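Chains V and E are the protein sequences, given in the same order. The numbering of the first sequence is our numbering, which starts it at 1 and goes up by one. The numbering of the second sequence is our numbering, which starts it at 300 and goes up by one. Where a beta carbon is used, it is the ideal one built from N, C-alpha and C, also for glycine. None of the values given here were measured: they were computed from a predicted structure. First up is the structure itself, then whatever we jot down about it.
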Amino acid sequence: MNERNQELIVDLLGGQLTPAEERSILARIESDPDLRSEYETQMSIVSLLDASSTPSMTAEERSTLHATLRQQLHLDHSPAPVVATPSRWQRWLAPIGGLAVAAAVVVGAVVVLPGALSTDDSDGSFEVASAEITTTAASSSADALPGEVEAQSADDGGDGATAPDASESGLAGGSAADESTQDAETFAAAETPLTLPYVADIDLDALENDLASDPESLRNSTPPTSSKSSEFDDAQVAQSDDCLDSLTTGDTSSSFSPIATTTYEGVPAVVVSVSPSEGDPFLAVFSLDLCREIASTQG
Amino acid sequence: MTSRSSEDRELIRRYLEGDVSAFDELMRAHEDRVFAICLRMMRNRDAALDATQDTFLTVFRKADRYKEQAAFSTWLYRVTVNTCYDHLRRQQRKRTESMPEHFDPSDPRGGDEFIAVELRPDIETALAGLTPEFRAAVVLVDLDGMSLEGAADTLEVPIGTVKSRVFRARKQLAKELGNFAPGSEHPSDEP
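Structural data, given as structure tokens:
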């Protein structure tokens, strides 16, 4: 069977031929047993497949798909500048669950981040320093916070991602491990100066590997220390403050709990926990520049 | 440009401007077809749902890169097929890494614990024996009802290649399903 005849049969069965061409190929099929055999074979399969029903999603699958996409794309909420969010974190944060622990997640993450990273830092250059950031801490109801922490895909790339909303707040301040076990009400609305660790070279893979095996370390680690000063200069620290302020005041239906400052893929950023009112909290990395842009947009 | 294409272009524009309702409308218009392609390609319902989700994530995250010269659906189905290729490659790697003792590499069903039930099992199995490229061609043209030109655009190959893949894929399916085929060529060559 040459290619021309193959194409003609496919065209014939696909209704692609003119009436004249159709008559011509049908005549040849009639007179050529091999061609006729190929044609009948092809027609049998086309008929068989054509009779197949079209699969569809169940209502539950459809609903789950929509909800997941909305969450991943942050469509239910006002735009926010997500640079990247580590989806891997959800796997080790999820088991922690519960509200009292939700605050612990934030505090604990501050504690654990540098330790986890340092173990994977081959050249030993991992640095942790503090950046003074003041933001507003707010209370969180034990009944309201979801039990799982989720994050969006790490390949987000900042493509039009937006932030979720939340009616509860879950800001946790400080970095002492013992605070991680305090009741969330401890963090009732107040101006709280937060000392965020600066994570010089955030390595999400290392973070995942180190913490996946021991989520409890979130609550039991000691605060990071460093003799080095923050790699953020004063202007960037102030920018971080503005960024967090824009998040906490710009989207009042969400709570944003700062965890660390970092430079993610060359972009100065803050790592925060976002607690939406509907759906699970998640972690996100926000670009300082984009946060500032939002602040200016909101006047 | 069809009415559907015009609507899609407008919906993408609205989505990029922050209109969330445009997302819902685009999903309603295309999700069933995307899922159907994914299920035919992946043959596993959960895997198909994952591929469907990844397809839409990619499309919505890269919506600003959509070039209006092409129909949105063509771009969407191209992303769908490419996403399925990626997932199939990942599946294949996983299988290779954790090959069971009884694994028979010549058995196209190897490693598929869950078979999609919408097709006759023998058709499912026959489809599984096709390479992803041949499967995509026959899924788009014979199961999804896409035109040959549309399939060529979606698969980013010349139309002659689509015709060749479809012809050879059908021939292999026929052979697998009961020796309809007079010959027994293996469908592996491009024209």
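Point to revise | Where V:SER24 falls, given that 16 or more other Cβ within 10 Å makes a residue buried | key: As a working note, residue 24 of chain V is residue 24 in the first sequence. It is exposed - the Cβ of V:SER24 has fewer than 16 other Cβ atoms within 10 Å.
Review point. When you check each C-beta in the region 457-476 of chain E against every C-beta of chain V, which residues fall closer than 7 Å?
Key: GLY459, LYS462, SER463, VAL465, PHE466, ARG469, LYS470, LEU472, ALA473
Check your understanding: Does any C-beta atom of chain E lie closer than 8 Å to the C-beta of V:TRP89?
Key -> Residue mapping note: residue 89 of chain V aligns to position 89 of the first sequence, counting from 1. Because V:TRP89 sits at a pLDDT of 34, beneath the cut-off of 50, its placement in the model cannot be relied upon, and the point is left open.
**Study point:** Environment of E:SER305 [buried if 16+ CB atoms lie within 10 Å]
**Key:** As a first step, residue 305 of chain E must be located in the second sequence, where it is residue number 6. Counting Cβ neighbours within 10 Å, E:SER305 comes out exposed, since fewer than 16 surround it.
Practice item. Quick one: using the 10 Å Cβ neighbour count with 16 as the cut-off for buried, is E:LEU310 buried or exposed? Key: Position 11 of the second sequence holds residue 310 of chain E. With 16 or more Cβ atoms within 10 Å of its Cβ, E:LEU310 is classed as buried.
Review point. If you measure from the beta carbon of E:ASP452 to each beta carbon in chain V, is any gap under 8 Å?
Key: In the second sequence, counting from the first residue as 1, residue 452 of chain E sits at position 153. False, the Cβ-Cβ gap to chain V never drops below 8 Å.
**Study point:** Reference E:THR460, options E:LEU387, E:VAL437, E:ASP363, closest by Cα
**Key:** As a working mapping, residue 460 of chain E is identified with position 161 in the second sequence. Of the listed residues, the one whose Cα sits closest to E:THR460 is E:VAL437.
Review point. Can a CB atom of chain E be found closer than 8 Å to the CB of V:ALA166?
Key: Here residue 166 of chain V refers to the residue found at position 166 when the first sequence is read from its first residue. The predicted position of V:ALA166 is uncertain, since its pLDDT is 27 and thus under 50; a value taken from the coordinates is nonetheless stated next. No, no contact with chain E.
Review point. Residue range of the alpha helix (DSSP H) that V:SER53 falls in?
Key: Here residue 53 of chain V refers to the residue found at position 53 of the first sequence. Judged by DSSP secondary structure, V:SER53 falls outside any alpha helix (DSSP H); it is assigned neither H nor E.
Check your understanding: What is the C-beta distance between E:LYS462 and V:GLU7, in whole angstroms, given that I count them as a contact (C-beta under 8 Å)?
Key -> By one-based count along the second sequence, residue 462 of chain E stands at place 163. By one-based count along the first sequence, residue 7 of chain V stands at place 7. Contact flag correct, Cβ pair sits at about 5 Å.
Check your understanding: Nearest to E:ALA567 by CA position, among E:VAL456, E:LEU454, E:ARG344, E:ASP441, is which residue?
Key -> There is simply no residue 567 of chain E to check, as chain E begins at 300 and stops at 490 in what is shown.
Check your understanding: Of the choices E:ARG303, E:TYR314, E:ASP363, E:THR373, whose alpha-carbon is the least far from that of E:VAL333?
Key -> What you label residue 333 of chain E is simply residue 34 of the second sequence in a count that begins at 1. For E:VAL333, the nearest C-alpha among the options comes from E:THR373.
Point to revise | Endpoints, alpha helix (DSSP H) assigned at V:GLU61 | key: Stepping through the first sequence from its first residue, residue 61 of chain V is reached at position 61. Taken as a continuous stretch (DSSP letters only), the alpha helix (DSSP H) holding V:GLU61 covers 59-73.
Review point. Is the beta carbon of E:ARG434 less than 8 Å from the beta carbon of E:MET340?
Key: Residue numbering aside, residue 434 of chain E sits at position 135 when the second sequence is read from its first letter. Residue numbering aside, residue 340 of chain E sits at position 41 when the second sequence is read from its first letter. Result yes, Cβ atoms of E:ARG434 and E:MET340 sit closer than 8 Å.
Review point. Between which two residues does the alpha helix (DSSP H) harbouring E:SER304 extend?
Key: Along the second sequence, read from residue 1 onward, the residue named residue 304 of chain E stands at position 5. Under the DSSP assignment, E:SER304 falls in the alpha helix (DSSP H) whose first and last residues are 302-315.
Point to revise | Neighbour-count burial assignment, V:ASP143, 16 or more Cβ in a 10 Å radius | key: Start at 1 with the first residue of the first sequence, and residue 143 of chain V comes out as number 143. At V:ASP143 the pLDDT is 31, less than 50, meaning the model places this residue with poor confidence; the figure from the coordinates comes in the next sentence. Exposed.
Review point. Could you give the distance in angstroms between the alpha-carbon of V:ALA38 and the alpha-carbon of V:LEU65?
Key: As a working mapping, residue 38 of chain V is identified with position 38 in the first sequence. As a working mapping, residue 65 of chain V is identified with position 65 in the first sequence. Ala is not the amino acid found at residue 38 of chain V; the sequence shown has Glu there. Those two C-alpha atoms are separated by around 42 Å.
Review point. Counting pairs of Cβ atoms below 8 Å between the region 37-56 of chain V and the region 321-328 of chain E, do you hit three or more?
Key: As far as the Cβ criterion goes, the region 37-56 of chain V does not touch the region 321-328 of chain E, which means the pair count is below three.
Review point. With respect to the alpha helix (DSSP H) encompassing E:ALA427, which residues constitute its N-terminal and C-terminal limits?
Key: The residue you call residue 427 of chain E lines up with position 128 of the second sequence. Per DSSP, E:ALA427 belongs to the alpha helix (DSSP H) from 420-427.
Practice item. Residues of the region 43-58 of chain V with a CB closer than 8 Å to any CB of chain E: list them in chain order, please. Key: SER44, ILE45, VAL46, LEU48, LEU49, ASP50, SER52, SER53, THR54, PRO55, SER56, MET57
Review point. Interface residues of chain E around V:GLN369 at Cβ under 7 Å?
Key: Limits of chain V in this structure are 1 at one end and 299 at the other, which puts residue 369 of chain V out of reach.
Exercise for review: Specify the secondary structure class of E:GLU367 as computed by DSSP and reduced to three states.
Suggested key: The residue labelled residue 367 of chain E in the question sits at position 68 within the second sequence. Coil at E:GLU367, not helix or strand.
**Study point:** Environment of E:SER487 [buried if 16+ CB atoms lie within 10 Å]
**Key:** For the purposes of this step, residue 487 of chain E is taken as the residue at position 188 of the second sequence. Confidence at E:SER487 is low in this model, with a pLDDT of 43, below 50, so its placement is unreliable and the value that follows should be read with caution. It is exposed - the Cβ of E:SER487 has fewer than 16 other Cβ atoms within 10 Å.
Check your understanding: Got a sec, what are the start and stop residues for the alpha helix (DSSP H) V:VAL10 sits in?
Key -> Translated into positions along the first sequence, residue 10 of chain V becomes position 10. Counting along the chain, the alpha helix (DSSP H) containing V:VAL10 begins and ends at 3-13.
Check your understanding: Closest Cβ-Cβ distance between V:GLN236 and chain E: below 8 Å?
Key -> Here residue 236 of chain V refers to the residue found at position 236 when the first sequence is read from its first residue. So, not an interface residue.
Review point. Within 8 Å (strictly less), CB to CB, does E:ILE311 reach chain V?
Key: For this step, residue 311 of chain E is matched to residue 12 along the second sequence. Not one chain V Cβ lies under 8 Å of E:ILE311.
Point to revise | As assigned by DSSP and simplified to three states, the class of E:PRO457 | key: For the purposes of this step, residue 457 of chain E is taken as residue 158 along the second sequence, with counting starting at 1. Here E:PRO457 sits in coil by DSSP.
Exercise for review: Could you tell me the boundaries of the alpha helix (DSSP H) in which E:ALA435 lies?
Suggested key: Counting from 1 along the second sequence, the entry for residue 435 of chain E is found at position 136. 431-437 is the span of the alpha helix (DSSP H), which, as asked, contains E:ALA435.
Review point. Cα-Cα, which of V:SER56, V:ASP32, V:HIS74, V:MET57 is closest to E:LEU356?
Key: Taking the first residue of the second sequence as 1, we reach residue 356 of chain E at position 57. Closest by alpha carbon: V:HIS74.
Practice item. State the Cα-Cα distance for the pair E:SER368 and E:ALA362, rounded to the nearest angstrom. Key: By one-based count along the second sequence, residue 368 of chain E stands at place 69. By one-based count along the second sequence, residue 362 of chain E stands at place 63. According to the sequence as given, residue 368 of chain E is Gln; it is not Ser. Computed Cα separation, rounded: 14 Å.
Review point. Which same chain residues, not among the five before or five after E:PRO431, have their C-beta less than 6 Å away from its C-beta?
Key: Residue 431 of chain E sits at position 132 when you count from the first residue of the second sequence. Result list for E:PRO431: TYR384, LEU387, in chain order.
Point to revise | DSSP state of E:LYS361 mapped onto helix, strand, coil | key: Indexing the second sequence from 1 puts residue 361 of chain E at position 62. Residue state, collapsed to three classes: coil.
Check your understanding: Cα separation between V:GLY14 and E:ILE458?
Key -> Looking up residue 14 of chain V in the first sequence gives position 14. Looking up residue 458 of chain E in the second sequence gives position 159. Taking the straight line from one Cα to the other gives about 13 Å.
Practice item. Using a Cβ cut-off of 7 Å, pull out every chain E residue sitting near V:GLN16, in sequence order please. Key: If you number the first sequence from 1, residue 16 of chain V lands on position 16. Among the residues of chain E, those whose CB is under 7 Å from the CB of V:GLN16 are LEU447, following chain order.
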